[in-house]
Amino acid sequence: MPRLGAHACLWAPEWTRDSAPAMCRAAADAGLDLIEVPLLRPQEVDAEWSRKIARDHGLALTCSLGLPKDASLPAHAEAAERFLEHALEVTARMGSWCLTGVTYGTIGGCTGEPPTEAEYAVLADSLRRVARKARSLGLALGLEPVNRYENHLLNTAARTAELIDRIGEPDLFIHLDSYHMNIEEKGFAAPLRAHAEKIRYVHLSESDRGVPGTGNVHWRELFAALAETGFSGDLVLESFVHLHPDIASALSVWRPVASGSEEVSEQGFAFLRRCAGEAGIALRG
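If you read the sequence shown in the numbering used here, its first letter stands for residue 4, the second for the next number, and so on.
Shown next as structure tokens:
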């Protein structure tokens, strides 16, 4: 059975000791299974405390990130590997099964040119070592293809699958996002069908990153494909109601995507559960 969760930015711009308890209460009240925690600065996260506060509310945690500019791939490979290895250690202490997101680059990092073979060679070499570190900690490493305006290296499920095959390490997976799919893919079903064995994590994000069901994402097509392929991973609502200024700038989020967390939570989760039920997918709550 897939787990249903939400990105922490639904409730607050950062995961801290001040904000996390309220996030956990809201997630538990919504009947969710997990919260995705952004590790923008892994060194500032109290991992053991985070694990406990989530567990006390009956929740799991997953972790995601984008690489900082001074530790980006492929330009700063050694720094990127150090950053990712530290983030993996924090992720393991938080009790997450994975570290995912734009683990291969910087959000908003584009060269202005098409990706090159040399860039992919660096990515494969570095991420091979990082994947081995993840495996040593009992973790899986996710790669999330994003749209062309946020990074030029991985934009589609097919390109991401090619890189994973090139790296050749187990416990690497594709993390799809319906917001990015709406821009880059030819549809929602075809990528899910073509790469089902590699897809373990899906962001459920509307075309304006607001309330699911109010935009242009073809939700019933997406859920039908998830059901058809037997998806059993994590489904995570991502709506950027609250964003750290650094991420807001990188994502070009300049206006509110919803009236507040309550609107997204009350309408969005009900809509997603309805779509899942219609497709024959059982979700908790």
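For every residue, glycine included, the Cβ atom is placed at its ideal position computed from N, Cα and C. For clarity, every value in this text was computed on a predicted model and none was experimentally measured.
Would you kindly work out how many angstroms separate the C-alpha atoms of Lys189 and Arg196, rounded to a whole number? In the sequence shown, the residue the question calls residue 189 occupies position 186. In the sequence shown, the residue the question calls residue 196 occupies position 193. If I take the Cα positions, the gap works out to 13 Å.
Comparing alpha-carbon positions, which option in Ile177, Ala261, Leu286, Leu156 lies nearest Ala273? Residue mapping note: residue 273 aligns to position 270 of the sequence shown, counting from 1. It is Leu286.
Is it true that the CB of Leu68 sits closer than 8 Å to the CB of Thr106? Residue numbering aside, residue 106 sits at position 103 when the sequence shown is read from its first letter. Residue numbering aside, residue 68 sits at position 65 when the sequence shown is read from its first letter. Yes, they are a contact pair.
Compare the Cα-Cα distances from Gly61 to each of Arg6, Tyr123, Glu269 and report the closest residue. Position 58 of the sequence shown, counted from the first residue, corresponds to residue 61. Nearest option by C-alpha distance: Arg6.
Taking contact to mean 3 or more Cβ pairs, one atom from each stretch, closer than 8 Å, check whether the region 275-286 and the region 208-226 are in contact. yes
Proximal residues to Arg203 (C-beta, below 8 Å), its chain only, five neighbours per side dropped: Here residue 203 refers to the residue found at position 200 of the sequence shown. Excluding positions up to five away in sequence, the list reads Cys101, Ala143, Gly145, Phe176, Ile177, His178, Gly236, Asp237.
What three-state label does DSSP hand Ala9 in the structure shown? What you label residue 9 is simply residue 6 of the sequence shown in a count that begins at 1. Strand, per DSSP.
Pick from Thr65, Arg54, Tyr123, Arg96: whose alpha carbon is nearest that of Asp168? Residue numbering aside, residue 168 sits at position 165 when the sequence shown is read from its first letter. With distances taken between Cα atoms, Asp168 lies closest to Tyr123.
Identified DSSP bridge partners for Cys101: In the sequence shown, residue 101 corresponds to position 98, counting from 1. Answer is Ala143, bridged to Cys101.
Tell me whether Pro118 sits in a helix, a strand or coil according to DSSP, three-state version. Working through the sequence shown from its first residue, we reach residue 118 at position 115. Looking at Pro118 - three-state DSSP - the assignment turns out to be coil, as it is neither helix nor strand.
Out of curiosity, what's the CA-to-CA distance linking Ala74 and Glu84? What you label residue 74 is simply residue 71 of the sequence shown in a count that begins at 1. What you label residue 84 is simply residue 81 of the sequence shown in a count that begins at 1. Spanning the two alpha carbons is a distance of roughly 8 Å.
Rounded to the nearest angstrom, how far is the Cβ of Ser208 from that of Ser242, given a contact under 8 Å? The residue given as residue 208 occupies position 205 in the sequence shown. The residue given as residue 242 occupies position 239 in the sequence shown. That belief holds up - the Cβ atoms of Ser208 and Ser242 are roughly 7 Å apart, short of 8 Å.
Of the listed residues Ala15, Met4, Ala9, nearest to His247 (C-alpha basis): Numbered from 1 along the sequence shown, position 244 holds the residue referred to as residue 247. Per the Cα distances, Ala15.
Taking C-beta to C-beta, are Ala161 and Lys201 nearer than 8 Å? As a working mapping, residue 161 is identified with position 158 in the sequence shown. As a working mapping, residue 201 is identified with position 198 in the sequence shown. It is not a contact, given that the beta carbons lie outside the stated cut-off.
Classify Val214 as helix, strand or coil using the three-state DSSP reduction. Residue 214 sits at position 211 when you count from the first residue of the sequence shown. Coil.
How would you label Pro77, buried or exposed, when you count the other beta carbons within 10 angstroms and need 16 or more for buried? As a working mapping, residue 77 is identified with position 74 in the sequence shown. Classification of Pro77: buried, given that the 10 Å Cβ count is 16 or more.
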